[in-house]
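Undergrad: Submitted below is the structure of interest, expressed as structure tokens.
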Amino acid sequence: MAKNFWFVVDRVIKESDIIIEVIDARFIEETRNKELERKVKRANKRLIHAINKSDLIKDFVDDIALPFKNFVFISAKENLGTSRLRSMIKDLCKKRPLNVGVVGYPNTGKSSLINTLKQKRAAGTSSTPGFTKGMQKIKVSEGIYLIDTPGVIHYRLEDEAHQAIINTKDVNKIKDPEAVALRIIDKIVAEDQKILEDFYNIKCKSLHEDTLREIALRFNWLLKGGEPNIDMTARRIINDWQRGKLIIKS
Ligand SMILES: Nc1nc2c(ncn2[C@@H]2O[C@H](COP(=O)(O)OP(=O)(O)O)[C@@H](O)[C@H]2O)c(=O)[nH]1
Ligand SMILES: [Mg+2]
Numbered sequence: 003m004a005k006n007f008w009f010v011v012d013r014v015i016k017e018s019d020i021i022i023e024v025i026d027a028r029f030i031e032e033t034r035n036k037e038l039e040r041k042v043k044r045a046n047k048r049l050i051h052a053i054n055k056s057d058l059i060k061d062f063v064d065d066i067a068l069p070f071k072n073f074v075f076i077s078a079k080e081n082l083g084t085s086r087l088r089s090m091i092k093d094l095c096k097k098r099p100l101n102v103g104v105v106g107y108p109n110t111g112k113s114s115l116i117n118t119l120k121q122k123r124a125a126g127t128s129s130t131p132g133f134t135k136g137m138q139k140i141k142v143s144e145g146i147y148l149i150d151t152p153g154v155i156h157y158r159l160e161d162e163a164h165q166a167i168i169n170t171k172d173v174n175k176i177k178d179p180e181a182v183a184l185r186i187i188d189k190i191v192a193e194d195q196k197i198l199e200d201f202y203n204i205k206c207k208s209l210h211e212d213t214l215r216e217i218a219l220r221f222n223w224l225l226k227g228g229e230p231n232i233d234m235t236a237r238r239i240i241n242d243w244q245r246g247k248l249i250i251k252s
């Protein structure tokens, strides 16, 4: 399974003039995929980084230094930045008809973005000769079409922490929830520890391990002997994070 997903991604790249790589604003480095970026470059196609879930972060000014050529902060959920994304698509490539594909890790918001972009003009078309079977194109504006099948990139097995940080599906299956929760705590504290303190009604400690204990104690998430239940606490934190409850903005 881990290899086959490239098959769909490659097809999306092949059919597209512009590829939108959807990444999570809260973990920009971890949710971009350099292999994808190399493939797009090799195929001589244009790449846009759509930095999604920006509603969950504090600052999203488009002129901060990021290692991307074309990027735009968006929120597919709150429909922010999407008109900027539309103009970027229009300006980046003058070819018409123009095909746009969407690719990214699970749960970054690919389907939400496709829905947001197609929302206005839902006229679909798929009867393009030579267009890959099973893929549909949706008209987003005059001469611009969106491929409605997103290319899903999978994490490698060793990337459990990355996976857990953005994937809501398997909180119970995470093997080392403490490690994942500590990374999330680290991320939040780096922004503003008050966010964590207010959300869990605790005081942060200098060691994140101790902060985790504080949260367990605060909510009485204890083992039978009265020791803090770190495993359960970690899973709760991951869950809160994944559901977008822990918002990194004041
Ligand atoms: N807060 C927030 N949540 C989002 C945003 N976009 C998507 N989501 C949520 O992230 C989850 C995954 O979205 P989905 O579009 O299914 O991701 P996909 O797996 O990449 O297709 C869903 O719970 C969405 O509601 C966004 O801009 N902001
Ligand atoms: Mg999807």
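Heads up: the sequence shown begins at 3 in this note's numbering, then just goes up one per residue. Glycine residues also receive a C-beta, built at the ideal position from the N, C-alpha and C atoms.
Here's the rule: buried if 16 or more other CB atoms are within 10 angstroms of the residue's CB, otherwise exposed. What is Arg245?
TA: exposed
Undergrad: Out of Arg98, Leu38, Gly228, point me to the one whose CA is closest to Glu144's CA.
TA: Arg98
Undergrad: With a threshold of 7 Å, establish whether the CB of Asn241 neighbours any heavy atom of ligand 1.
TA: no
Undergrad: I'd like to know if the region 46-56 and the region 18-31 are in contact, where contact means that at least 3 CB-CB pairs between them fall below 8 Å.
TA: yes
Undergrad: Near Met234, which residues of its chain fall below 8 Å by C-beta distance, leaving aside the five closest residues on each side in sequence?
TA: Contacts found: Ala218, Trp223.
Undergrad: Measuring CA to CA, which of Leu100, Asn35, Leu248 is closest to Cys194?
TA: Per the sequence shown, residue 194 should be read as Asp rather than Cys. From the listed residues Leu100, Asn35, Leu248, the smallest Cα separation to Asp194 is found for Leu248.
Undergrad: Using C-beta distances below 7 Å, list every residue in its chain close to Ile250, excluding the 5 sequence neighbours before and after it, in chain order.
TA: Closer than 7 Å at the Cβ level, and outside the excluded window around Ile250, lie Arg28, Leu58, Ile59, Lys60, Ile190, Glu193, Ile197.
Undergrad: What runs of the beta strand (DSSP E), each 3 residues or longer, lie entirely inside the region 62-106?
TA: 73-75, 100-106
Undergrad: Tell me which residue opens and which closes the beta strand (DSSP E) that Asp161 is part of.
TA: First-last for Asp161: undefined, no H or E at that position.
Undergrad: Between the region 42-51 and the region 72-91, can you find at least three pairs of beta-carbon atoms closer than 8 Å?
TA: yes
Undergrad: Can you give the Cα-Cα distance for Arg185 and Lys96, rounded to whole angstroms?
TA: 42 Å
Undergrad: What is the C-beta distance between Asp178 and His210, in whole angstroms, given that I count them as a contact (C-beta under 8 Å)?
TA: That pair is no contact at about 14 Å.
Undergrad: Report yes if the C-beta of Lys79 is less than 7 Å from at least one heavy atom of ligand 3; otherwise report no.
TA: Annotation note on ligand 3: not contained in the displayed structure, which lists ligand 1 and ligand 2 as its ligands.
Undergrad: Does the separation of the CB atoms of Ile76 and Ile146 fall below 8 Å?
TA: Not in contact: Ile76 and Ile146 (Cβ atoms no closer than 8 Å).
Undergrad: Spatial neighbours of Ala70 within its chain, please: CB distance less than 7 Å, with the 5 preceding and 5 following residues excluded, ordered by chain position.
TA: Note on residue identity: the sequence assigns Phe, not Ala, to residue 70. Excluding positions up to five away in sequence, the list reads His51.
Undergrad: Determine the DSSP secondary structure at Ile239, reduced to helix, strand or coil.
TA: helix
Undergrad: Less than 8 Å separating the beta-carbons of Val182 and Ile240?
TA: yes
Undergrad: Hey, Gly106 and Ile149: beta-carbon distance below 8 Å or not?
TA: no
Undergrad: Following the continuous beta strand (DSSP E) through Lys141, name the residue where it begins and the one where it ends.
TA: 139-143
Undergrad: For the alpha helix (DSSP H) that contains Asp200, what are its first and last residues?
TA: 179-202
Undergrad: Which two residues bound the contiguous alpha helix (DSSP H) that contains Ala52?
TA: That residue, Ala52, is in no alpha helix (DSSP H); its beta strand (DSSP E) goes 48-54.
Undergrad: From which residue to which residue does the alpha helix (DSSP H) around Asp116 run?
TA: One point to set straight first is that residue 116 is Ile, not Asp, in the sequence displayed. In the DSSP assignment, Ile116 falls within the alpha helix (DSSP H) that extends over 112-120.
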